[in-house]
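Shown next, in structure tokens, is the structure this report addresses.
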Amino acid sequence: MHQLTLTDISKALAAKQFSARELTTHLLARIEQLDPQLNSFITVSKESALQQADAADELRSSGINAPLLGLPIAHKDLFCTEGVRTSCASKTLDNFIAPYTATVVDKLNKVGCISLGKLNMDEFAMGSSGETSFYGPSKNPWDTQRIPGGSSSGSAVAVAARLVPASTGSDSGGSIRQPAAFTGLTGIKPTYGRISRWGMTAYASSFDQAGFLAHNAEDCAMLLQATAGFDERDSTSAQQQVDDYAAALSLPLQGLRIGLPKEYFSSDLDSRIGDVVNNSIEQLKQLGATFVDISLPSLPHAVSAYYVIASAEASTNLARFDGVRFGHRCENPQNLEDLYLRSRDEAFGKEVKRRIMIGTYALSTGYYDAYYLKAQKIRRLIKNDFVSAFKDVDLILGPTTPNLPWLIGSKIDDPVAAYLEDIYTVPANLAGIPGLSMPAGMIDGLPVGVQLLAPYFQEARLLQVAHQFQQHTDWHARTPAGF
Amino acid sequence: MQWETVIGLEIHAQLATNTKIFSGSATAFGAEPNSHASLIDLAMPGTLPVLNAAAVRMACMFGLAVDAHIAEYNIFARKNYFYPDLPKGYQTSQMDDPIVGLGHLDIALDDGSIKRVNITRAHLEEDAGKSLHEDFSGMTGIDLNRAGTPLLEIVSEPELSNAKEAVAYAKAIHTLVRYLNICDGNMAEGSFRCDCNVSVRPKGQTKLGTRTEIKNVNSFRFIERAINHEIQRQIELIEDGGKVTQETRLYDPNKDETRSMRSKEEANDYRYFPCPDLLPVHIPREMLEELRTHLPELPTQKRERFEKDFGLSTYDASVLSASREMANYFEVVEKTCADAKLATNWVMGELSSLLNKENLDITQSPVSAEQLGGMLVRIKDNTISGKIAKMVFEAMAAGEGDADQIIEQRGLKQVTDSGAIEAMLDEVLATNAEQVEQYRASDENKRGKMFGFFVGQAMRASKGKANPQQVNELLKQKLDQ
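In the order they appear, the protein sequences are chains H and A.
The opening position of the first sequence corresponds to residue 0 in numbering that gives the first Met the number 0, with each subsequent residue numbered one higher.
The opening position of the second sequence corresponds to residue 0 in numbering that gives the first Met the number 0, with each subsequent residue numbered one higher.
Right, dumping it as structure tokens:
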């Protein structure tokens, strides 16, 4: 059962091959058995999951056959879930029981999804490896010595290890696409504003975008369909109409023009990953797509601009964790300043503190123009690069990551090296365009992802190309040994 | 040395919306602590602000009323600082692109002159909560009911040159926001409060002196006293060889002094930057035009109309237009009696002293505008004299009914029958034959002085009801014959 995709499960439940309760019980047992070595869950909601499963089975037996009814899923631990701890993998919120539910979770609950629990991540989504979690790193099931990527580390590990068929994640600088690439999954980051941010704890508000990790594009399409759309509680969510993603999957690729930005194939790229990307290009050519070389000249500045703006936003987004109303409060504060200093010092991890410091600095009087404002100008240039590129091509293709997943601990003391691993993913967040990573090969037993980028709100095109690719390849169907 | 004062005011007007600026919580004053504090007001992780359109409309109304530039887009920014009653750790405010740009307001000064005060800007922002230091035995309580209440911060140019002018300007803004119905103006509840920026410089110097900011002054009287105190403090400081330091000061009304709160060095670096949770606010031009049609007659327009149509002095006109309610009252009185001068005298005279004495505002007046107007009609048609009218007015204030009822019941109708007056006068003259003799023997100058005696006797004899004009005329005839 645990090898099935979301789409398979949907069909099996409809055909009554097994019940939601049977499936849920099976997956909970797997989590109990396998997760101790993987550390992908922070909280397992066993009882409520079984209740939801029973409710789904009951609805099914009363004749209701909604496509997502009874489908198990798990959520990155930055989505607020009423009555369930929502920790953001931080000591700060280790004791925080959310009093309300995020829109994306709420929408999935309402169509009948079962939540198995809350998934590990980099603390407050700050990290690209999962190692900054207060609860310890999640392990890559393809090689448990290695990181699974981040910040949606648990979201990737739980799906790759077949503990849950799909998960929610969030992607502010690559936090869905990069772990998807590192664990052999399909991960979609929709256009900024496509899915409501209400209830998703903010890291970098102008980048944060909820999305999904699953086994294939078809599953991603199903989840996106259920969650996309305007939310009056999020002013930055898009009023744009939601496309029919399932209908787009089967469209042929004939005539599709795909751009290959030369900046994505520079010397930073592991040449073996370059070979994987080239193989996928050949495959897509056979399916009718044509490829053209393009350039996105401002891209070399993307990582710097991203870390300045994202840290600036993070530094103020995290100001609310002051020990006054919720979250960690130090013992016996002597006065107000002591309360602030110790509560925050004790509960934030090293990387979070680093970004708060970077962001505070970048916004300070005398540095604002040199850092924050300049970074915003670069952001505009990068956006313009994409807009003009998409006048000529329908999609952009490149590697998701420059390197394979690294060994746990190997970059922990070199934050800049870790930041540079985001080089291929942050441009989409700076521009706000949608992106998808799909499995396209293996190197030394480790999965490799290829990334597709599309114009604003053209998620359907990403899913279509990934789905067509997956109809003719089986990289997405591979399972790590032992899972 | 001669000193010159430069004052600029930052006025915080709480906008009269039903709900907060970024959440659906009620803004009602005086509720149980934290009963109007939603997930958003508590800054729960994952919550987001949604801008209240009513607050935007109110800010635009203000902008239109002060003839200000209202840009097509304005932007919210985060002002970052830590304080326990500031739940997000930043205040959502506006910095570089405020909703209301440069405008101006004409204010009437005590000497009857008009001064144009330029308004630098007005921006929207959220209020903070309240820290409660009492009743918690060494701890501090936080009440977030007020957190997120919409404020319009109205910043004047530093163009006010003394405390009286500053108060006149503050009152003019107060009048304006109440005319516009965008603020209840309740200073005791903090709906209208004022930061005063004060500096002094030697007369004739163009460069501004170092300013201090007196925070959160919440009555017109305190504005005047705080500014005067601060001017004096600064002058004495400089004359003693000291230097004014840029700082924030607090006015203590109990001690009538200002004291330092924090200096510039201690001031926060607020790290303003555009709030990524809110889109730039678009103000369509059509919306402004639509709002313009809803603008009421503004205080300045009303004052000018009163001057022009009713021939009132600038002072009288500005007193009568100081609030929409006062102006409405006056206009009803004027319309009823069709005599602007009489209406002005009574509204600004007897009525105002009654209200002052009873500590009532115009909407609570025990004498309605229709009642007062009706009484003035009776003065005009000679049914009663001005003197009797005061008696009637008191009776109306005591709730005895309309003027006509009171005149009828008390038999206060003026005697205008000249036959009856003559008979009464003959009696008065007969009773005072000696004085009549003296009068007739006196020269013109002395006669003038004595005449009043006979008038007084006559009015007393008629219990005040004889028409004074007729009494005067007939008495003169009889004495001079």
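Idealized CB from N, CA, C, for every residue including glycine.
Since we're looking at a predicted model, the values are computed, not measured.
Taking 8 Å as the CB-CB limit, is residue i close to chain A?
i: tryptophan 197 of chain H; result: yes
i: glutamate 21 of chain H; result: no
i: aspartate 368 of chain H; result: no
i: valine 104 of chain H; result: no
i: aspartate 321 of chain H; result: yes
i: leucine 118 of chain H; result: no
i: glutamate 231 of chain H; result: yes
i: tyrosine 455 of chain H; result: no
i: leucine 92 of chain H; result: yes
i: serine 152 of chain H; result: no
i: arginine 354 of chain H; result: no
What residues are listed by DSSP as bridge partners for residue i?
i: leucine 159 of chain A; result: A:Ile6
i: tyrosine 72 of chain A; result: A:His281
i: arginine 145 of chain H; result: H:Leu406
i: threonine 16 of chain A; result: Threonine 16 of chain A pairs with nothing; no bridge assigned.
i: methionine 526 of chain H; result: Since the first and last residues shown for chain H are 0 and 482, residue 526 of chain H lies out of range.
i: tyrosine 89 of chain A; result: A:Asn79
i: aspartate 211 of chain H; result: Note on residue identity: the sequence assigns phenylalanine, not aspartate, to residue 211 of chain H. DSSP, once it has assigned bridges, lists H:Thr167 and H:Ile187 as partnering phenylalanine 211 of chain H.
i: lysine 129 of chain A; result: A:Asp142
i: proline 149 of chain A; result: A:Glu125
By Cβ distance, which residues of its chain are closer than 7 Å to residue i, with the 5 residues on each side in sequence left out?
i: glutamate 324 of chain A; result: Ile361 and Thr362
i: serine 317 of chain A; result: Ala107 and Arg302
i: alanine 30 of chain A; result: Asn144
i: asparagine 217 of chain A; result: Met186, Gly189 and Arg192
i: threonine 91 of chain A; result: Phe21, Pro48, Phe75, Arg77, Glu124, Glu125 and Cys274
Against residue i, what residues of chain A qualify as contacts under a CB-to-CB distance less than 7 Å, listed in chain order?
i: serine 303 of chain H; result: Correct list: empty, because the minimum Cβ distance to chain A is about 17 Å.
i: threonine 200 of chain H; result: Pro44 and Gly45
i: glutamate 312 of chain H; result: Pro275
i: tyrosine 371 of chain H; result: Phe272
Since residue i meets chain H, which of its residues come closer than 7 Å, beta carbon to beta carbon?
i: tyrosine 89 of chain A; result: Thr315 and Ala318
Can you pull the chain A neighbours of residue i, defined as C-beta to C-beta under 9 Å?
i: tyrosine 99 of chain H; result: Leu38, Met43, Gly45 and Thr46
i: serine 363 of chain H; result: Asp268 and Arg270
i: leucine 335 of chain H; result: Phe81, Tyr82, Pro83 and Thr139
i: threonine 85 of chain H; result: Pro44 and Gly45
What residues of chain H sit near residue i, judged by a beta carbon separation below 9 Å?
i: leucine 50 of chain A; result: Ser234
Would a check of beta-carbon distances place residue i closer than 8 Å to chain H?
i: aspartate 276 of chain A; result: yes
i: arginine 220 of chain A; result: no
i: isoleucine 141 of chain A; result: yes
i: asparagine 33 of chain A; result: no
i: proline 365 of chain A; result: no
i: proline 86 of chain A; result: yes
i: proline 83 of chain A; result: yes
i: arginine 261 of chain A; result: no
Closer than 8 Å by C-beta to residue i: which residues in its own chain qualify, once you throw out the five before and the five after it? Chain order, please.
i: arginine 284 of chain A; result: Glu71
i: asparagine 227 of chain A; result: Ala162
i: aspartate 391 of chain H; result: Arg256, Gly258, Val291 and Ile293
i: threonine 483 of chain H; result: Only positions 0 to 482 of chain H appear in this structure, which leaves residue 483 of chain H out of reach.
Grab me the residues of residue i's own chain with a C-beta within less than 6 Å of its C-beta, minus the 5 sequence neighbours each way, in chain order.
i: isoleucine 272 of chain H; result: Pro398 and Val447
i: glutamine 370 of chain A; result: Met395 and Asp401
i: proline 201 of chain A; result: Met0
i: proline 252 of chain A; result: Phe221
i: asparagine 431 of chain A; result: none
i: valine 351 of chain H; result: Glu122, Phe123 and Met125
For a contact meaning CB atoms closer than 8 Å, what does residue i contact in chain A?
i: cysteine 79 of chain H; result: Met43, Pro44 and Gly45
i: threonine 359 of chain H; result: Arg270
i: serine 205 of chain H; result: Pro275
i: tyrosine 339 of chain H; result: Phe81
i: arginine 256 of chain H; result: Within 8 Å Cβ-Cβ: nothing; arginine 256 of chain H doesn't reach chain A, min ~32 Å.
For residue i, return the contacting residues in chain H, with the cut-off set at a CB-CB distance below 8 Å.
i: arginine 77 of chain A; result: Thr315
* Ordered list of alpha helix (DSSP H) runs contained in the region 191–272 of chain A, each at least 4 residues -> 219–238
* What residue ranges within the region 323–403 of chain A form continuous alpha helix (DSSP H) runs of no fewer than 4 residues, ordered along the chain? -> 323–336, 339–345, 351–357, 368–379 and 385–396
* To do: Please list the segments of the alpha helix (DSSP H) lying wholly inside the region 164–188 of chain H, counting only runs of 4 or more residues, in order along the chain.
  => 176–182
* To do: May I have a chain-ordered list of the beta strand (DSSP E) segments no shorter than 3 residues that lie completely inside the region 251–339 of chain H?
  => 256–260 and 289–293
* To do: With a floor of 3 residues, list each beta strand (DSSP E) that falls wholly inside the region 400–446 of chain A, ordered by position along the chain.
  => none
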